[in-house]
Amino acid sequence: RMMGYGPDLHRIWVGTSDGLYLIEEMKINPISGFEGLDITSISLSKESNLFIGSRNSGLYILNMQGEIVQLTTDTSPSIASNQVNSVLTRGNSDIWIATNSGLTFYYPTTNTATNYQYDFNNVFGLSDHEVRHLYLDKSEEIWMTTPLGGINFFHESDNQFDYYGQKTSTAQSDELMDYNVLSIHTDKPNNELWIGSRAGLSNYSEDKDLFTHYPFQIDGKHINNQILSIVKGDNGIFWLGTEKGLFTWN
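For the sequence shown, this note's numbering assigns the number 5 to the initial residue and increments by one for each residue that follows.
Below, the structure written as structure tokens:
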């Protein structure tokens, strides 16, 4: 389901719905302590610590010595929910954890955590109860997708969130084409985001703070098709993984 690469491509960590595995020297080795665990995400820190998100059991940390630490809603520090959707490590070793009940910012050096959760009365907070996926831009700043609240951007200077959502049915340049964002590709060299939704593909220019929208079409006809993943090749062609199959676009 999810892969996290080691210091070189000869060591590949693989998370599945039935545990954790390490592929090394063409051999698949199950990792003790993770049997039967439904793994949703993997992220490897620069210190080679592995952060493992699970469906109902919180976050696991596997260090180089083989020691396992588990963080849940009941541990100290605690995380926002035991349903972990996405885990992201930054170059400064901070860990971001997206869950069904908000966002957790974990500091491994001090073993402390800060939880951010949806608050209807806070216009500078998260726009949805659930945070689906996390992404880094070229400045190592955090973008996150939600199922019902568009995109959030975290301002670390004041611990506040920006919100990018759908305001109208006509998709203007200052809004998303669909509030249900399913995927993001960060185009760091061009300082852009490519955003996949049910309605199509959108480009967001961080420099201009503007969206350009490309409704999904087949044979010239606009159709609803969930864009679940986005990869941009070196030749500039996009590969789009959708509910209706794999497509290329340029």
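Virtual Cβ for every residue (Gly too), placed ideally from N, Cα, C.
Applying the criterion that 16 or more other CB atoms from any shown protein chain within 10 Å of the CB defines a buried residue, is residue i buried or exposed?
i	result
Thr149	buried
Leu152	exposed
Asn285	Residue 285 is absent from the structure shown; the chain starts at 5 and stops at 254.
Ser85	buried
Asn254	exposed
Does the distance from the C-beta atom of residue i to that of residue j stay below 8 Å?
i	j	result
Asn33	Leu26	yes
Val135	Gly106	yes
Glu39	Gly19	no
Phe242	Lys248	no
Gly57	Ile35	no
Ile188	Leu205	no
Ile99	Phe157	no
Thr190	Glu179	no
His137	Ala175	no
By DSSP, does residue i sit in helix, in strand, or in coil?
i	result
Pro193	helix
Gly106	strand
His14	coil
Met148	strand
Tyr183	coil
Ser3	Nothing about residue 3 can be read from this structure; the chain reaches only from 5 to 254.
Ile227	coil
Thr113	coil
Asp280	Since the first residue of the chain shown is 5 and the last is 254, residue 280 is not available in this structure.
His217	strand
Ile241	coil
Val127	coil
Asn156	strand
Ile56	strand
Glu28	strand
Gln121	coil
Using C-beta distances below 8 Å, list every residue in its chain close to residue i, excluding the 5 sequence neighbours before and after it, in chain order.
i	result
Ile83	Gly62, Leu63, Leu75, Thr76, Thr77, Ile101, Thr103, Thr108, Tyr110, Ala117, Asn119
Glu144	Arg94, Gly95, Asn96
Lys50	Thr93, Gly95, Ser97
If you drop the 5 nearest sequence neighbours on each side, which residues of the same chain put their C-beta closer than 6 Å to that of residue i?
i	result
Val73	Ile65
Gln164	Phe128
Ser90	Ser45, Ala102, His137, Leu138
Can you list, in chain order, the residues of its chain with a C-beta nearer than 7 Å to that of residue i? Leave out the 5 residues immediately preceding and following it.
i	result
Tyr208	Glu196, Leu197, Ile199, Phe215
Gln87	Arg59, Asn60, Thr103, Asn104
Asn115	Pro81
Ser233	Ser187, Gly245
Going by C-alpha to C-alpha distance, which of the options sits closest to residue i?
i	options	result
Leu48	Asn60, Pro219, Leu92	Leu92
Asn229	His217, Asn239, Gly245	Gly245
Lys192	Gln170, Asn115, Lys142	Lys142
Ala203	Asp213, Glu210, Met181, Asp223	Met181
Tyr183	Thr190, Thr174, Ile155, His133	Ile155
Gln221	Ile146, Ser233, Thr252	Thr252
Tyr167	Tyr139, Trp147, Tyr218, Ile227	Trp147
Ser131	Tyr139, Tyr122, His137	Tyr122
Gln170	Met68, Ile227, Val185	Val185
Thr112	Asp162, Ile227, Lys212, Asn67	For the sequence presented, residue 112 should be read as Pro rather than Thr. Selected option, being the one with the closest Cα: Asn67.
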